[in-house]
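Engineer: Letter 80 of the sequence shown, counting from 1, is numbered 80 in UniProt numbering, and no numbers are missing.
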Amino acid sequence: MTPESAPTVQQLLAFYLEAGVDCALADEPVNRLSDPDVVPAGREAASARPVRTIPAAPAMPVARTDAPAAPEAAILSAREAARTASSLEALRALMETFDGCALKSTATRLVFADGNPQARIMFVGEAPGREEDIEGLPFVGRSGKLLDRMIAAIGLDRSSVYIANVIPWRPPGNRTPTPQETQICLPFIQRQIELVNPDVLVTLGNPSTQTLLSTREGIMKTRGRWFDYDTGTRTIRALATFHPAYLLRSPSYKRMAWQDLRAIAKALEQAKSSS
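1. Tell me the rounded alpha-carbon separation between A271 and D199.
2. With distance defined between alpha-carbon atoms, name the residue in E131, L146, A127 nearest to P251.
3. Write down every uninterrupted run of the alpha helix (DSSP H) in the UniProt domain "Uracil-DNA glycosylase-like" (112–262) whose length is 4 residues or greater and which is fully enclosed by it, in chain order.
4. Exposed or buried, P179, counting other C-beta atoms within 10 Å across all chains shown (16 or more means buried)?
5. Check whether the Cβ atoms of L212 and V161 sit closer than 9 Å, and answer yes or no.
6. Cβ of N206 versus every heavy atom of the ligand ATP: is any distance shorter than 8 Å?
7. Where does L110 fall in DSSP's three states?
8. By Cβ distance below 7 Å, which residues in the same chain neighbour T182 in space, the five residues on each side in sequence not counted?
9. So, do the region 117–126 and the region 191–206 have three or more beta carbon pairs nearer to each other than 8 Å?
10. Whose C-beta lies closer than 6 Å to the C-beta of residue 288 among residues of the same chain, with five residues either side of it excluded?
11. Hey, L91 and Q192 are a contact pair by Cβ (cut 8 Å); roughly how many whole angstroms apart?
12. Residues in its own chain within less than 7 Å of S86 by CB, not counting five upstream and five downstream?
13. Based on Cα-Cα distance, which residue from I163, R262, T233 lies nearest to D114?
14. Taking the continuous alpha helix (DSSP H) assigned at A70, which residues delimit it?
15. Which residue comes first and which comes last in the alpha helix (DSSP H) that contains A93?
16. Do you know offhand how far M95's Cα is from L110's?
17. Closer than 7 Å by C-beta to L137: which residues in its own chain qualify, once you throw out the five before and the five after it? Chain order, please.
18. Output needed for L74: all residues of its chain with C-beta closer than 7 Å, excluding positions within five of it in sequence on either side, in chain order.
19. Going straight from the alpha carbon of T53 to that of T108, what length do you get?
20. Might you give, ordered along the chain, the residues of its own chain that have their beta carbon closer than 6 Å to the beta carbon of L88, omitting 5 neighbours on each side?
21. T215 and P171: beta carbons closer than 9 Å?
22. Straight-line CA distance for H243 to T233?
23. Can you tell me whether DSSP reads A81 as helix, strand or coil?
24. Measure the CB-CB distance between P207 and A93 and report whether it falls below 9 Å.
Structure follows, in structure tokens:
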């Protein structure tokens, strides 16, 4: 019986990138299982040797980074900034300069939106992933390709829909955004929805559904149900459905997602005929 060959360095790097590990926190690996009180034999010998003192190098100038504001202050700042945006272009410019969310300092770029700002339907997910962070557009990875096929099934494409996320910056390693990060970013997506002013709002997955539709129920209970989303100036019909990434992991639920898409198409037709 021949043992399997060890993975190459390239294969290991590809594995870590796929898992969301794209940055190193130390120059050498750390053994978290070792006893901190036990000093390796080689290190004892090294510690007995005289240590040659090396003059300190002159301090290099470090670029100043503004520390993120306290959560409460950041939320208030986001609300004030979002309220002043009179257009999507102004809102994007404000978000580019907003420093109240720590995710901005670890992300590559702002992932604002994609699609048609005059669209009658708007899709909102949770947060960008690695591919979205690189390209600066929402839903461009595997889940994005599935979303494209989903909307194509009801006769739409990216030129006739508008797509955004609750969180516009990628969390490190694709981790789940914290409640504080979500609350800081919430005023921006709320203003974005208000400015797009679609006839139908579709929340993709549990996090965006609970955040925007103010429900604690899980996606299994909320999907396929219609909600009223109040922008303050208008009430928009909103429907929750599965996130494409969830459908990739659980393809058996695609049948339910198809039912949701048919309901969305019917609602769009009704809105068109009544306008």
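Positions of the beta carbon are idealized from the N, C-alpha and C atoms, including for glycine. In this text the structure is predicted, and so the values were computed from the model without any measurement.
Structural biologist: In short:
1. Locating residue 271 in the sequence shown gives position 271, where the first residue counts as 1. Locating residue 199 in the sequence shown gives position 199, where the first residue counts as 1. Looking at the two C-alpha atoms, the distance is approximately 7 Å.
2. In the sequence shown, residue 251 corresponds to position 251, counting from 1. Nearest option by C-alpha distance: L146.
3. 130–135, 142–152, 179–196, 206–213, 219–222, 244–249
4. As a first step, residue 179 is located in the sequence shown; it is residue number 179 there, counting from the start. Exposed.
5. Position 212 of the sequence shown, counted from the first residue, corresponds to residue 212. Position 161 of the sequence shown, counted from the first residue, corresponds to residue 161. Their beta carbons are not under 9 Å apart, which means L212 does not touch V161 by this criterion.
6. As presented, the structure is devoid of all ligands, the ligand ATP included, so that no description of it is given.
7. Against the sequence shown, residue 110 aligns to sequence position 110. If DSSP states are grouped into helix, strand and coil, L110 belongs with coil.
8. Your numbering for residue 182 matches position 182 in the sequence shown. V166, I167, T211.
9. yes
10. Outside the displayed range of the chain (1 to 275) lies residue 288, so it cannot be described from this structure.
11. Within the sequence shown, the letter at position 91 stands for residue 91. Within the sequence shown, the letter at position 192 stands for residue 192. That pair is a contact at about 6 Å.
12. Locating residue 86 in the sequence shown gives position 86, counting from the first residue. Once the five neighbours on either side are set aside, S86 has no close Cβ partner at all.
13. As a working note, residue 114 is residue 114 in the sequence shown. It is I163.
14. Numbered from its first residue, the sequence shown carries residue 70 at position 70. Element bounds for A70: n/a, residue is neither H nor E.
15. Here the question's residue 93 lines up with position 93 in the sequence shown. Counting along the chain, the alpha helix (DSSP H) containing A93 begins and ends at 88–97.
16. Along the sequence shown, one-based indexing puts residue 95 at 95. Along the sequence shown, one-based indexing puts residue 110 at 110. M95 and L110: Cα-Cα distance of roughly 8 Å.
17. Here residue 137 is taken as the residue at index 137 of the sequence shown, counted from 1. Taken in chain order, the residues that qualify are V111, D114.
18. For the purposes of this step, residue 74 is taken as residue 74 along the sequence shown, with counting starting at 1. One detail in the question is off: residue 74 reads as Ala in this sequence, not Leu. Result list for A74: P68, G100, C101, I184, in chain order.
19. For the purposes of this step, residue 53 is taken as residue 53 along the sequence shown, with counting starting at 1. For the purposes of this step, residue 108 is taken as residue 108 along the sequence shown, with counting starting at 1. At T53, the pLDDT of 45 sits below 50, so the modelled position is not reliable and the matter cannot be decided from this model.
20. Here residue 88 refers to the residue found at position 88 when the sequence shown is read from its first residue. Once the five neighbours on either side are set aside, the close Cβ partners of L88 are P117, L195.
21. The residue you call residue 215 lines up with position 215 of the sequence shown. The residue you call residue 171 lines up with position 171 of the sequence shown. No, they are not a contact pair.
22. Walking along the sequence shown from the start, residue 243 turns up at place 243. Walking along the sequence shown from the start, residue 233 turns up at place 233. Looking at the two C-alpha atoms, the distance is approximately 28 Å.
23. To locate residue 81, count along the sequence shown from 1; it is residue 81. It is helical.
24. Taking the sequence shown and counting its residues from 1, one reaches residue 207 at position 207. Taking the sequence shown and counting its residues from 1, one reaches residue 93 at position 93. No.
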